[in-house]
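Below: the structure, in structure tokens.
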Amino acid sequence: MTLGEHLLELRKRLFIAAIAIVVGMIAGFVVSNFAISLMSAPIREIAESKEASLNFDTVTSGFDLHMKVALTIGFVVSAPVWLYQVWAFLVPGLKRTEVKYILGFILTAIPLFFAGCFAGWIVMPHIVELMAGFTPDDSSNLYQAGYYYDFILKLTLAVGIAFVLPVFLVLLNFVGVLSAVAIIKGWRIALLVIMLFCAIATPAADVISMFLLAVPMIVLYFAAYAVSYFNDRRRARKAAKLESEYQS
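Numbering (this note's numbering), first residue to last: 454 to 701.
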């Protein structure tokens, strides 16, 4: 294909992806009230013991929050469409091995990312309630709507990305950058980093939530090592076979 044909193909893929996101945003706007109600559940829980509320401090902040929620939902529900458009645009320029690696990465990373986001959503109410406990008794908890939404979004995304990191280790191993020995050699540091991340992402007083978040991340780390170990063994056997054939 010529450069012009590539640009036309890119325009077509982007247009289809944009349409899918807009349709998803419309659906997200319809259910945005329900989504905001779910997000503000911890605030209602706090309000049972002290004054707490979700505040909209500008004329347009209510509409802005609905649009943010709708945009997030639109990206999530339309993900199969725009991810496929990205895939369809890139695949013709990739080698067979590269296609296999990238496809395996996508099929593994996406479920893990959503599992991580779900884990972040589960621990989020505990964090909000614990932080509210530091507010003096004669004070009120007035949560600015935009900041509150950004906090929840960043928390869930951070945990979702953390769940995907072991897949990057496996990908680096398959492309020959990182060996299984190198992965397992730093297991103490990896466990320390995981525990520190979970301690930051969850309330210090909520040890159960911290371990519920840490256990799957540790399991994923050692699973990445196991996959890399068997891949290294397969690669070593193949190299030995080729060496034997060359010598003979």
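Glycine included, every Cβ here is placed at the ideal spot set by N, Cα and C.
Residue from the options with nearest C-alpha to residue i
i, options, result
"D603", "A480, K521, A693, V483", "K521"
"A679", "L524, N626, E498", "N626"
"T561", "T455, C651, V623", "V623"
"A654", "I605, D590, S701", "I605"
"L666", "F542, A652, F482", "A652"
"F664", "V576, F587, L618, S592", "V576"
"I647", "F509, A611, A689", "A611"
"G586", "Y537, L673, S502", "S502"
"F675", "E551, R690, V634", "V634"
"V529", "V512, S514, A480", "A480"
"A677", "S701, R690, V617", "V617"
Residue i, DSSP secondary structure in three states
i, result
"S662", "helix"
"L595", "strand"
"K694", "helix"
"S531", "coil"
"P589", "coil"
"L467", "helix"
"E462", "helix"
"V630", "coil"
"K607", "helix"
"K553", "helix"
"E498", "helix"
"K548", "coil"
"S514", "helix"
"V476", "helix"
"T525", "helix"
Rounded Cβ spacing between residue i and residue j (contact assumed at less than 8 Å)
i, j, result
"L565", "V620", "6 Å"
"T525", "G573", "With a Cβ gap of about 14 Å, T525 and G573 do not count as contacting."
"I671", "L644", "7 Å"
"I496", "Y596", "6 Å"
"S485", "H519", "5 Å"
"A473", "S514", "Between S514 and A473 the Cβ distance is about 28 Å, and since that is not below 8 Å, they are no contact."
"S632", "D685", "6 Å"
"Q538", "R464", "That pair is no contact at about 11 Å."
Straight-line Cα distance separating residue j from residue i
i, j, result
"E582", "N594", "11 Å"
"A523", "A598", "15 Å"
"P545", "V476", "28 Å"
"G639", "V628", "20 Å"
"S662", "A568", "15 Å"
"V660", "L649", "12 Å"
"A470", "W535", "5 Å"
"K607", "A500", "24 Å"
"F516", "F482", "10 Å"
"L543", "D510", "44 Å"
"S765", "S506", "Since the first residue shown for the chain is 454 and the last is 701, residue 765 is missing from the structure and cannot be characterised."
Bridge-paired residues (DSSP) for residue i
i, result
"S506", "L595"
Residue i beta carbon near the ligand ADP (any heavy atom closer than 7 Å)
i, result
"Y601", "Among the ligands in the structure shown, none appear at all, so the ligand ADP cannot be discussed."
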